[in-house]
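**Student:** Just so you know, the protein sequences line up as chains H and Y, in that order. Counting along the first sequence from 1, when you hit position 187 you're at 187 in my numbering, and nothing is skipped either side. Counting along the second sequence from 1, when you hit position 290 you're at 580 in my numbering, and nothing is skipped either side. Next up is a structure, given as structure tokens.
There are 2 protein chains.
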Amino acid sequence: MIETSLLEQLVAFHDYKTLSAAAEHLMTSQPALSRSMRKLEEDFGVPLFERSRNRLLLNENGILAAECARQVLHEQETMIARVRALDRSRRTIAIGSVAPGPLTDLSPLLSSEYEDRTVSTELRTKEELIPMLKQGIFQLIILREVPADDEIYASPCGSEHLYVSLPESHSLAFRKSVTFAEMDGTEFLQISNVGIWEDIKKAAMPHARIYLQKDNSAIKAIAAVSSMATFKTDISLRHYAPEPGRVIIPFSDESAVVHFWCCCLKKDERKFRGWFKTLETKYPDRNRHD
Amino acid sequence: MIETSLLEQLVAFHDYKTLSAAAEHLMTSQPALSRSMRKLEEDFGVPLFERSRNRLLLNENGILAAECARQVLHEQETMIARVRALDRSRRTIAIGSVAPGPLTDLSPLLSSEYEDRTVSTELRTKEELIPMLKQGIFQLIILREVPADDEIYASPCGSEHLYVSLPESHSLAFRKSVTFAEMDGTEFLQISNVGIWEDIKKAAMPHARIYLQKDNSAIKAIAAVSSMATFKTDISLRHYAPEPGRVIIPFSDESAVVHFWCCCLKKDERKFRGWFKTLETKYPDRNRHD
DNA sequence: TCGGATTACGTGCACCGTAATGATC
DNA sequence: GATCATTACGGTGCACGTAATCCGA
Numbered sequence: 001m002i003e004t005s006l007l008e009q010l011v012a013f014h015d016y017k018t019l020s021a022a023a024e025h026l027m028t029s030q031p032a033l034s035r036s037m038r039k040l041e042e043d044f045g046v047p048l049f050e051r052s053r054n055r056l057l058l059n060e061n062g063i064l065a066a067e068c069a070r071q072v073l074h075e076q077e078t079m080i081a082r083v084r085a086l087d088r089s090r091r092t093i094a095i096g097s098v099a100p101g102p103l104t105d106l107s108p109l110l111s112s113e114y115e116d117r118t119v120s121t122e123l124r125t126k127e128e129l130i131p132m133l134k135q136g137i138f139q140l141i142i143l144r145e146v147p148a149d150d151e152i153y154a155s156p157c158g159s160e161h162l163y164v165s166l167p168e169s170h171s172l173a174f175r176k177s178v179t180f181a182e183m184d185g186t187e188f189l190q191i192s193n194v195g196i197w198e199d200i201k202k203a204a205m206p207h208a209r210i211y212l213q214k215d216n217s218a219i220k221a222i223a224a225v226s227s228m229a230t231f232k233t234d235i236s237l238r239h240y241a242p243e244p245g246r247v248i249i250p251f252s253d254e255s256a257v258v259h260f261w262c263c264c265l266k267k268d269e270r271k272f273r274g275w276f277k278t279l280e281t282k283y284p285d286r287n288r289h290d
Numbered sequence: 291m292i293e294t295s296l297l298e299q300l301v302a303f304h305d306y307k308t309l310s311a312a313a314e315h316l317m318t319s320q321p322a323l324s325r326s327m328r329k330l331e332e333d334f335g336v337p338l339f340e341r342s343r344n345r346l347l348l349n350e351n352g353i354l355a356a357e358c359a360r361q362v363l364h365e366q367e368t369m370i371a372r373v374r375a376l377d378r379s380r381r382t383i384a385i386g387s388v389a390p391g392p393l394t395d396l397s398p399l400l401s402s403e404y405e406d407r408t409v410s411t412e413l414r415t416k417e418e419l420i421p422m423l424k425q426g427i428f429q430l431i432i433l434r435e436v437p438a439d440d441e442i443y444a445s446p447c448g449s450e451h452l453y454v455s456l457p458e459s460h461s462l463a464f465r466k467s468v469t470f471a472e473m474d475g476t477e478f479l480q481i482s483n484v485g486i487w488e489d490i491k492k493a494a495m496p497h498a499r500i501y502l503q504k505d506n507s508a509i510k511a512i513a514a515v516s517s518m519a520t521f522k523t524d525i526s527l528r529h530y531a532p533e534p535g536r537v538i539i540p541f542s543d544e545s546a547v548v549h550f551w552c553c554c555l556k557k558d559e560r561k562f563r564g565w566f567k568t569l570e571t572k573y574p575d576r577n578r579h580d
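Structure representation (structure tokens):
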């Protein structure tokens, strides 16, 4: 068998045409490279070069060998990349969700459940999440429902209730609750992407004007002092400090409450035994489906 | 990059399950292998093993690495085989022909033209020869005609005339020539495969009984003393001694004479410049087509 | 004379094997 | 006690770099 370093040197010689240029590029000496090429020829067992006194050229065999060597080296790199990628994936839990709320609640929990692994989160549509779960891109996904898929295990993981944040001066600021119908036509400022809430709001308040802003602290500050309505949820309220001079009012509509399910592949259920136990404790079954 | 020897050792460990067994198989020492596996881990940059105090196991990464390594090693072997095959092919000239006659004449000529290469010959049908020429399995082929193919160069390389060999006692033994019609229905003994002559004989003498024999010296001896007719050609007569007690009579039919063309790929024409010059000298043009 | 390959030569270190140690069954 | 991996240690070979040589443009 032929050592990888020799193949690299062959490829370098093929690319740089002279031993000296290749040697420089490889940060080695010309004689070392010259010897390597001899050894390579020895290992292949066939002549690879045409030698004149001060010129070394690849012959037909050598050209083929260099081309194949490049291929083999590429295969090796692929191998290394694959192993490293596997290792990385073994050290992280990737969780995808249709909404940011449950991630806010669950990712710290996940981190403490699996202390040696890092948790990465991503927002996606349900249509994207299921195939990505199957491909192993995500180990866990959070949906609004139990998917009709017998490869997938699901467990309830809480709910989220939509609120509106209004300046105290707003005409509805005194209310205990509001309806989507009452708020339809209002202008909202919204920070960042909110997944499925987008669709719910669009459906329930077709005339609302929602200004989506990137999650940028400057904009955030502006929103804090502006008189525009913004959205909150029970989850976000638990995690972030209330803004002074504003009142928080729940939407009373049924569609303002969403229940979530945390899913994994059935084949991975054992791996996440501990995690699902935690979920069951934290979110005692309303209507489990598993 | 990772040295090939380390990958081989990894694969051996994967196969043999313990360092000691793998070390024995690799004809090296246990400590050496232990160190190699550490180095391999270092090179991959990720853990490949689960180590207990006196047990070494591949982890998930390691298993993937071993599987990929096996693949890479296989690629390497393929590379080596390809280069060696190319070298071999560069050292031999493979010539295919529709008939054995021209090979008898030409292969010694080829050998002396290309002293450093070995000549290998094969009998095939025209339908097989042309694709095999294009695939590089043959560098030269001999056909009865100029192929209608603009990738192929052709040059005349002589002709062959069919004769019959009869015992002196035969009723036609006194003739200066015979016709296929006169010989139709005769029993012939024929040594070995003769390519296109087969078809010519079958077409011209549909009632002849030709007993094909393997090229076996015992049978040859029998043929020499038997009274059965056999075939000869001007080429075979030039190369092999006449058989005593027999007369050699040419077929006078037009189809008993065949002209041959030596062909190569146009792209190889330059490589065979010298050879075709030799042919042109030996077989001055009757009706060249190139 | 310069650029490039090879040969000559001395050196260092990387790897090897033996032996010892540690650990588990 | 047997088996297996790892650590320790001393020795050797091999591959390296420098320098010298040779050759061709």
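All C-beta atoms, glycine included, are put in the ideal place defined by N, C-alpha and C.
Who are the Cβ neighbours of residue 234 of chain H in its own chain at under 6 Å, not counting the five residues just before and after it?
**Tutor:** Around residue 234 of chain H: 161.
**Student:** If we require 4 or more residues per run, which alpha helix (DSSP H) segments fall completely within the segment 296-336 of chain Y?
**Tutor:** List check, alpha helix (DSSP H) in window: 309-316, 320-334.
**Student:** Could you run through the segment 312-340 of chain Y and flag, in chain order, every residue whose CB is less than 9 Å away from some CB of chain H?
**Tutor:** Correct list: 333, 334, 335, 336, 337, 338.
**Student:** Contact defined as beta carbons within less than 8 Å: I believe residue 394 of chain Y pairs with residue 549 of chain Y. What is the distance between those atoms, to the nearest angstrom?
**Tutor:** The Cβ separation is near 16 Å, so there is no contact.
**Student:** Is residue 112 of chain H helix, strand or coil by DSSP?
**Tutor:** Helix.
**Student:** How would you call residue 495 of chain Y, buried or exposed, if buried means at least 16 neighbouring beta carbons within 10 angstroms?
**Tutor:** So residue 495 of chain Y ends up on the buried side.
**Student:** Does residue 72 of chain H get closer than 8 Å to chain Y when you measure Cβ to Cβ?
**Tutor:** So, interface residue.
**Student:** Just the C-alpha distance for residue 13 of chain H and residue 32 of chain H, rounded to the nearest angstrom, thanks.
**Tutor:** Using only the alpha carbons, I get a separation of about 13 Å.
**Student:** Restricting to Cα atoms, I'd like to know which of Y:562, Y:363, Y:390 is closest to residue 526 of chain Y.
**Tutor:** Residue Y:390 is the option with its Cα nearest to residue 526 of chain Y.
**Student:** Less than 8 Å between the C-beta atoms of residue 87 of chain H and residue 362 of chain Y, yes or no?
**Tutor:** Not in contact: residue 87 of chain H and residue 362 of chain Y (Cβ atoms no closer than 8 Å).
**Student:** Does chain Y have any CB closer than 8 Å to the CB of residue 69 of chain H?
**Tutor:** So, interface residue.
**Student:** Helix, strand or coil: which one does DSSP assign to residue 202 of chain H?
**Tutor:** It is helical.
**Student:** Using the C-alpha atoms, what's the distance from residue 41 of chain H back to residue 151 of chain H?
**Tutor:** Approximately 54 Å between the Cα atoms of the pair.
**Student:** Cβ atoms of residue 147 of chain H and residue 262 of chain H: under 8 Å apart, would you say?
**Tutor:** Contact: no.
**Student:** To the nearest angstrom, how far is the alpha carbon of residue 197 of chain H from that of residue 188 of chain H?
**Tutor:** If I take the Cα positions, the gap works out to 13 Å.
**Student:** Just how far apart, CA to CA, sit residue 427 of chain Y and residue 135 of chain H?
**Tutor:** The alpha-carbon atoms of residue 427 of chain Y and residue 135 of chain H are separated by roughly 45 Å.
**Student:** Taking just the CA atoms, how far does residue 244 of chain H sit from residue 176 of chain H?
**Tutor:** Going from the Cα of residue 176 of chain H to the Cα of residue 244 of chain H covers about 18 Å.
**Student:** Tell me the start and end of each unbroken alpha helix (DSSP H) in the segment 96-142 of chain H that is at least 4 residues and wholly inside, in chain order.
**Tutor:** Correct list: 100-113, 126-134.
**Student:** Output the residue ranges of the alpha helix (DSSP H) runs that lie fully inside the segment 450-502 of chain Y and measure 4 residues or longer, sorted by chain position.
**Tutor:** The segment 450-502 of chain Y contains these whole alpha helix (DSSP H) runs: 470-473, 486-494.
**Student:** Just the chain H side, please: which residues come within less than 8 Å of residue 294 of chain Y by C-beta, in chain order?
**Tutor:** By Cβ distance, chain H contributes 1, 2, 3, 4.
**Student:** Quick test of the definition: if touching needs 3 or more C-beta pairs under 8 Å, does the segment 395-412 of chain Y touch the segment 555-572 of chain Y?
**Tutor:** Yes, the segment 395-412 of chain Y touches the segment 555-572 of chain Y.
**Student:** Three-state secondary structure (DSSP) at residue 51 of chain H?
**Tutor:** Strand.
**Student:** What are the boundary residues of the alpha helix (DSSP H) that includes residue 302 of chain H?
**Tutor:** It is not possible to answer for residue 302 of chain H, since the shown part of chain H is limited to 1 through 290.
**Student:** Who pairs with residue 362 of chain Y in a beta bridge, going by DSSP?
**Tutor:** DSSP, once it has assigned bridges, lists no residue as partnering residue 362 of chain Y.
**Student:** Decide if residue 212 of chain H is buried, meaning its Cβ has at least 16 other Cβ atoms within 10 Å, or exposed.
**Tutor:** Per the 10 Å Cβ criterion, exposed.
**Student:** Compute the beta-carbon to beta-carbon distance between residue 547 of chain Y and residue 68 of chain H, rounded to the nearest angstrom, for a pair I have assumed lies under 8 Å.
**Tutor:** Not really, about 49 Å apart at Cβ, beyond 8 Å.
**Student:** Work out the CA separation of residue 80 of chain H and residue 56 of chain H for me, nearest whole Å.
**Tutor:** Looking at the two C-alpha atoms, the distance is approximately 33 Å.
**Student:** By how many angstroms is the C-alpha of residue 293 of chain Y removed from the C-alpha of residue 15 of chain H?
**Tutor:** Taking the straight line from one Cα to the other gives about 21 Å.
**Student:** Can you give the Cα-Cα distance for residue 429 of chain Y and residue 409 of chain Y, rounded to whole angstroms?
**Tutor:** Each residue's alpha carbon lies about 10 Å from the other.
**Student:** What number of angstroms, rounded off, separates the C-alpha of residue 545 of chain Y from the C-alpha of residue 573 of chain Y?
**Tutor:** C-alpha separation (whole angstroms): 20 Å.
**Student:** Between the Cα of residue 121 of chain H and the Cα atoms of H:127, H:131, H:108, which residue gives the shortest distance?
**Tutor:** The option with the nearest alpha carbon to residue 121 of chain H is H:108.
**Student:** Since residue 249 of chain H contacts residue 163 of chain H with CB under 8 Å, what's their CB separation in whole angstroms?
**Tutor:** With a Cβ gap of about 6 Å, residue 249 of chain H and residue 163 of chain H count as contacting.
**Student:** What are the residues of the segment 548-573 of chain Y that lie near chain H, defined by any Cβ-Cβ distance shorter than 7 Å?
**Tutor:** Result list empty, no residue passes.
**Student:** Does any residue of chain H bring its CB to less than 8 Å from the CB of residue 354 of chain Y?
**Tutor:** Yes, because at least one Cβ of chain H sits closer than 8 Å to the Cβ of residue 354 of chain Y.
**Student:** Contact criterion: CB-CB distance below 8 Å. Does residue 579 of chain Y meet it with respect to chain H?
**Tutor:** With a pLDDT of 46 at residue 579 of chain Y, under the threshold of 50, the predicted position of this residue should be treated as unreliable, though the coordinate-derived value follows. Cβ-Cβ to chain H under 8 Å: no for residue 579 of chain Y.
**Student:** Look up residue 155 of chain H in the DSSP assignment and say whether it is helix, strand or coil.
**Tutor:** Correct three-state label for residue 155 of chain H: strand.
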